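Asker: In my numbering, the protein residues as written are 3 to 138. Where a beta carbon is used, it is the ideal one built from N, C-alpha and C, also for glycine. Note that this is a predicted model, so its numbers are computed, not measured. Pasting in a structure now, in structure tokens, and then I'll have a few things to ask.
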Amino acid sequence: YQAKSRAMKERENIIKKRKEAIEAEQEYKQLKAKFFGIEFTDGIIRIHVLESVQEHLEEGTAMHHCVYDARYYSKPQSLIFSATKDGERIETIEVSLETMKVVQSRGVCNKNTEYHEQILALMQKNMRMIAQRATA
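Shown next, in the form of structure tokens:
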């Protein structure tokens with residue numbers, strides 16, 4: 003009975019989160035649309051900006067961290083990226099639009115990965131492009 007009840011609550015929670023994501027989508031687009039399409043790679047790792055609240059939800063769910071639940075999509079000075087290798091998510095990156103620096107970059111369950119330094123270097127190498135979009 004408890005497992006069934008827990009599963010039902012989990013389903014209700016997912017439905018609630020999806021509804022919230024849909025409602026927040028318009029505001030997110032207004033805040034971050036100028037950054038949409040930013041994507042870069044070093045040939046091994048691909049990093050791209052999250053372009054919707056739904057993507058934040060998917061990222062948080064897949065990576066088991068708070069990028070969605072802490073509402074990073076609604077923070078005007080934060081821009082969130084996803085780093086992938088061979089199509090698999092490896093780290094989620096937060097950039098401060100005030101300082102143009104990486105605030106945090108975390109793998110599954112907020113752990114660093116073997117690609118952490120490589121991801122930070124790739125972000126640093128492309129920070130000027132992000133800054134140019136910020137002032138566009």
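1) With a cut-off of 8 Å, do at least 3 Cβ pairs link the region 91–105 to the region 24–32?
2) Entirely within the region 23–50 and at least 4 residues each: give me those alpha helix (DSSP H) ranges in chain order.
3) What's the gap between the Cα of Q79 and the Cα of E14?
4) Which two residues bound the contiguous alpha helix (DSSP H) that contains Q79?
5) Over the uninterrupted beta strand (DSSP E) stretch that includes K103, give me the two end residues.
6) Assign V97 to one of three DSSP states: helix, strand, or coil.
7) Is E57 near the ligand ADP, going by C-beta to nearest heavy atom under 8 Å?
8) Between the Cα of D88 and the Cα atoms of I46, E57, L81, which residue gives the shortest distance?
Answerer: Taking the structure as given:
1) As far as the Cβ criterion goes, the region 91–105 does not touch the region 24–32, which means the pair count is below three.
2) none
3) On the sequence shown, position 77 is the one that residue 79 refers to. On the sequence shown, position 12 is the one that residue 14 refers to. Between Q79 and E14, the C-alpha separation is close to 31 Å.
4) In the sequence shown, residue 79 corresponds to position 77, counting from 1. Counting along the chain, Q79 falls outside any alpha helix (DSSP H), and DSSP gives it neither H nor E.
5) Reading the sequence shown from its first residue, position 101 is the one you call residue 103. Start and end: 103–108.
6) Numbered from 1 along the sequence shown, position 95 holds the residue referred to as residue 97. Residue state, collapsed to three classes: strand.
7) Of the ligands one can find in the structure shown there are none, so the ligand ADP has no counterpart to examine.
8) What you label residue 88 is simply residue 86 of the sequence shown in a count that begins at 1. D88 has its Cα closest to that of I46, out of I46, E57, L81.
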